[in-house]
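If you want the numbering used here, it's the position in the sequence shown, counting the first as 1, plus 1181.
Data block below; observations after.
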Amino acid sequence: MTVPKAPQDGQGAAPAVPFRMPEVLCKRADFLRAAQARRQGAAGFHLQARARGDDAPLRVGFTCSKKVGNAVARNRAKRRLREAARLTLPAHGQPGWDYVLVGKREVTATLPFETLLADLARTLDKVHR
């Protein structure tokens, strides 16, 4: 039996950014603490950020209320926010911080993805000033 070879044309290759998703916020108390800290708005989402005061890796949470739409719309918005965070946080996030991305009604799911990435990078830079 021969070992299958990897495709040469780039299809099926590893993603360009080998960054794993950071630890995800799960507890309500963590979301509430982030909501009381710094906030920054963008076209497609709101960013809430809190410095925890330790050197632990950054953590991120995602939320979309029912105002965003039905379950399909909320899940699509959260998937887009998750991928934007995966691509942007390694360069713009800081250790020891909690970030919560809150989806906006009808905008998070329809905004061009490049715009979403640029907005997230800009809002993270503003929060850390």
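A virtual CB, placed ideally from N, CA and C, is assigned to each residue, including glycine.
Note that the coordinates shown come from a computational prediction; the quantities given were computed from them, not determined experimentally.
- Within the same chain, Cβ atoms closer than 6 Å to the Cβ of A1216 are found at Q1229, the five residues on either side in sequence being excluded.
- In the structure shown, the three-state DSSP call for R1240 is strand.
- In the DSSP assignment, D1300 falls within the unbroken alpha helix (DSSP H) covering 1294-1308.
- Using a C-beta cut-off of 8 Å, the stretch 1219-1233 makes contact with the stretch 1294-1308, since at least three inter-stretch Cβ pairs fall below that distance.
- K1307 and Q1221 have their C-alpha atoms some 8 Å from each other.
- Straight-line spacing of the CA atoms in H1309 and R1267 works out to 18 Å.
- Fewer than three Cβ pairs drawn from the stretch 1199-1215 and the stretch 1250-1262 lie within less than 8 Å of each other, which leaves the two stretches out of contact.
- Between T1269 and L1301, the C-beta spacing is below 8 Å.
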